[in-house]
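Taking UniProt numbering, the leading residue of the sequence shown gets 568, the next gets one more, and so forth. The beta-carbon is built from N, C-alpha and C at its ideal position, and this holds for glycine as well. These numbers come from a predicted model, not from an experiment.
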Amino acid sequence: LSLLAEVREALAVDDQLTLVLQPAVRLGEGGGVTGVEALVRWNHPRRGTLMPDDFVTVIEHSELLGDFTRYVLDRALAVAAGWATEGLDVPIAVNLSPRSLLDATLPADIAALLDLHGVRPDRLVLEITETVVMSELSVIDDVLSALRELGVQFAVDDFGTGYSSLTFLTRVAVDEVKIDRAFVRGMVESAGAAAIVRTTVDLAHRLGLRVIAEGVETAEQRAVLTALGCTGAQGYFFHPPMPPERIVEVLHGLT
Ligand code: G
Ligand code: G
Ligand code: MN
Ligand code: NA
């Protein structure tokens with residue numbers, strides 16, 4: 568069976584494609600979870616657990632992308648709907664493949680899924696990367712504005728790794744900037760990486776956007792981020808990605 572045929576099968580049965588969830592936290596006094604990112608995993612019947620890097624590229628270049636994107640959104644919104652019934656009011660972030668934004672039916676389908684699960688549009692954050700701007704601008708502009716109209720939020724993921732990071736921010740109205748973990752990793756030893764982090768934090772704040780440093784793994788990185796004025800972080804140092812049952816305990820503060 569080809570990988571793609573197996574994806575088709577996995578989309579049709581329960582429990583093969585699952586989501587793990589990773590909190591993002593506020594840096595500084597109080598801390599606290601500000602949002603949760605959904606990350607897909609494939610519990611493959613023979614190959615064990617596959618990571619998105621093992622299979623998302625294949626899906627992206629196939630006719631299964633639409634089904635896959637809707638599957639992940641459906642599962643993520645089901646999780647968020649469960650939180651709401653427990654009195655937990657936290658936004659959920661879903662990663663979108665850049666190619667999903669070429670799909671003119673996506674906004675109506677997301678509207679239907681929000682409705683189905685009873686999740687407020689502003690509780691959904693769509694994470695997109697700067698590479699979206701590279702292709703077919705007019706279709707993407709229409710999809711992005713229809714999604715904006717719906718009231719969902721946008722985050723720019725892996726910020727700083729694209730060819731035109733600054734142009735992206737002028738073209739796409741985002742609510743949040745996620746600083747790529749390469750800069751966070753480099754920042755303790757490299758003055759250059761630290762300068763990029765500081766400048767990105769400053770830029771985000773001047774534009775009125777939230778900012779999250781990704782891939783924070785050490786107390787030292789947390790200290791440097793705090794010194795650089797960064798207000799949000801995500802990474803193994805705070806919380807690893809975890810299954811839905813576990814995230815509820817974290818959100819209730821029973822860590
Ligand atoms: O934990 P991690 O290995 O899950 O994620 C690796 C990469 O896969 C990241 O760039 C992440 O944005 C991407 N990714 C994770 N989950 C999804 C998903 O549901 N859809 C898409 N398109 N990408 C995802
Ligand atoms: O590209 P995106 O930001 O969506 O990627 C999320 C990826 O980062 C997932 O693969 C997730 O498992 C991974 N991740 C989350 N926290 C950390 C961390 O502290 N360090 C590293 N190296 N990866 C992390
Ligand atoms: Mn992401
Ligand atoms: Na990222």
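- Of the residues Ile677, Val699 and Glu630, the one whose Cα lies closest to the Cα of Arg690 is Ile677.
- The stretch 736–747 makes contact with the stretch 709–723: 3 or more CB pairs, one atom from each, lie closer than 8 Å.
- Residue side-chain check: Asp742 keeps its Cβ at 6 Å or more from all non-hydrogen atoms of ligand 3.
- Per DSSP, reduced to three states, the secondary structure at Ala780 is strand.
- The shortest C-alpha to C-alpha distance from Ala648 to any of Val817, Pro811 and Tyr730 is the one to Pro811.
- In terms of side-chain proximity, the C-beta atom of Glu787 is found no nearer than 6 Å to any non-hydrogen atom of ligand 2.
- Of the other Cβ atoms in all chains shown, 16 or more fall within 10 Å of the Cβ of Leu673; this residue is therefore buried.
- In this structure, Gly782 sits near Arg748, with a CB-CB distance shorter than 7 Å.
- In terms of Cβ geometry, Thr766 and Ile746 do not form a close pair [threshold 7 Å].
- Taking 6 Å as the cut-off, the C-beta of Glu784 counts as close to a heavy atom of ligand 2.
- Leaving aside the five residues that flank Phe735 on each side, the residues in its chain whose CB is nearer than 7 Å to its CB run, in chain order, Glu697, Val700, Val723 and Gly729.
- Residue burial is scored here from C-beta neighbours: Glu573 has at least 16 other C-beta atoms within 10 angstroms and is therefore classed as buried.
- The DSSP-derived three-state label of Leu691 is strand.
- Excluding five sequence positions before and after Phe750, the CB atoms of its chain that fall closer than 7 Å to its own CB belong to Gly727, Ala760, Ile763 and Val764, given in chain order.
- The alpha-carbon of Ala579 is positioned some 35 Å away from that of Ile779.
- Around the beta-carbon of Val592, 16 or more other beta-carbon atoms lie within 10 Å, marking it buried.
- According to the DSSP secondary-structure assignment, Gly615 is paired through a beta bridge with His611.
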